[in-house]
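K.L.:
The structure follows.
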Amino acid sequence: MIGFVRGTLLEKTEHSCLVLCSGGVGYELSLTDSSLARLPGKGREVNFYVYTQVSENSLGLYGFETWDERETFQLLLGINRVGPRTAQAILGVFSPEGLRRLVLEDDVLGLSRVSGIGRKGAQQIFLELKYKLKLSALTGTGALGDKGDSSALFRDALAGLVNLGYAEEEAADALRESLGAEKGADMGELLRAALKRLSSRRR
98 MIGFVRGTLL EKTEHSCLVL CSGGVGYELS LTDSSLARLP GKGREVNFYV
148 YTQVSENSLG LYGFETWDER ETFQLLLGIN RVGPRTAQAI LGVFSPEGLR
198 RLVLEDDVLG LSRVSGIGRK GAQQIFLELK YKLKLSALTG TGALGDKGDS
248 SALFRDALAG LVNLGYAEEE AADALRESLG AEKGADMGEL LRAALKRLSS
298 RRR
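Here it is, written out as structure tokens:
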């Protein structure tokens with residue numbers, strides 16, 4: 098797995114750059130908009146931390162200027178319905194520190210500033226992000242993704258579902274069922290289970 102690349106910038110496109118490394122091997126890295134904007138001129142040395150995504154039909158290389166950015170990208174991929182393009186779009190608008198600040202300020206709709214993410218999508222992503230993103234750099238309290246008290250988890254999940262437009266009683270029933278079936282679930286897992294139940298009831 099490729100984790101880091103240092104070499105000469107050969108080309109840059111709308112969404113990526115081509116880096117020539119020692120030995121004559123070139124790697125095309127997909128970059129965030131903010132990283133693309135900071136690229137130097139052709140022929141200059143560049144280096145990137147790399148996240149390698151392997152699927153059945155493709156191999157994707159995603160470049161990041163810092164390790165924190167790479168780790169945040171990987172964390173975002175663990176959120177329901179967030180793929181590489183959406184994760185890159187988020188990091189093109191918010192730095193890792195900016196995302197942590199978003200959570201600290203409880204700015205639920207802040208993510209709607211990212212192109213392609215609507216109000217409801219921003220709310221869903223924020224709820225999972227709140228319980229996954231590490232805040233140690235700002236608060237020293239560690240990850241919000243740690244599994245904590247189930248009653249607090251229930252209250253936060255309920256508030257999130259109500260914000261998404263579900264009736265409180267309906268959402269509470271789905272959450273109680275999900276908590277019973279998903280022992281030890283974190284916020285993301287609980288929300289996905291509850292949303293699945295709510296969706297099936299409305300068919």
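Numbering of the sequence shown is given in the numbering used here, commencing with residue 98 and proceeding in unit increments. Here a beta-carbon is modelled for each residue, glycine too, at the ideal position from N, C-alpha and C. Here the structure is a predicted model, which is why all the values come from computation and not from measurement.
Can you confirm whether the segment 277-297 touches the segment 170-183 when touching is taken to mean that 3 or more C-beta pairs between the two stretches lie within less than 8 Å?
P.N.:
Counting Cβ pairs under 8 Å, three or more are found: they touch.
K.L.:
Which of the three DSSP states is assigned to Phe191 in this structure?
P.N.:
By 1-based counting over the sequence shown, the position of residue 191 is 94. Phe191 falls in the coil class under three-state DSSP.
K.L.:
Check the DSSP bridge columns for Asn260 and list the partner residues they point to.
P.N.:
Your numbering for residue 260 matches position 163 in the sequence shown. In DSSP, Asn260 forms no bridge with anything.
K.L.:
First and last residue of the alpha helix (DSSP H) that includes Ser296?
P.N.:
Position 199 of the sequence shown holds residue 296. It spans Met284 to Arg298 - the alpha helix (DSSP H) in which Ser296 sits, taken as one unbroken run.
K.L.:
Tell me, which residues are paired with Val151 by DSSP?
P.N.:
Start at 1 with the first residue of the sequence shown, and residue 151 comes out as number 54. Answer by DSSP bridge pairing, in chain order: Leu156.
K.L.:
Could you tell me the alpha carbon to alpha carbon distance between Val122 and Leu258, rounded to whole angstroms?
P.N.:
Taking the first residue of the sequence shown as position 1, residue 122 is located at position 25. Taking the first residue of the sequence shown as position 1, residue 258 is located at position 161. Approximately 49 Å, taken between the alpha carbons.
K.L.:
Let me confirm a value: Arg167 is counted as buried when at least 16 other C-beta atoms fall within 10 Å, else exposed. Which label applies?
P.N.:
Here residue 167 corresponds to residue number 70 of the sequence shown, with the count starting at 1. The residue is buried, with at least 16 neighbouring Cβ atoms inside 10 Å.
K.L.:
Can you give me the C-alpha to C-alpha distance between Ala219 and Glu194, rounded to a whole angstrom?
P.N.:
Position 122 of the sequence shown, counted from the first residue, corresponds to residue 219. Position 97 of the sequence shown, counted from the first residue, corresponds to residue 194. About 18 Å.
K.L.:
Identify every residue that forms a DSSP beta bridge with Ser127.
P.N.:
Residue mapping note: residue 127 aligns to position 30 of the sequence shown, counting from 1. In DSSP, Ser127 forms a bridge with Ser113 and Tyr159.
K.L.:
Which residue comes first and which comes last in the alpha helix (DSSP H) that contains Leu224?
P.N.:
Within the sequence shown, numbered from 1, the residue matching residue 224 stands at position 127. Element bounds for Leu224: Arg216 to Lys227.
K.L.:
Can you tell me where the alpha helix (DSSP H) with Asp304 in it begins and where it stops?
P.N.:
Because the chain is modelled from 98 through 300, residue 304 falls outside the range shown and cannot be assessed.
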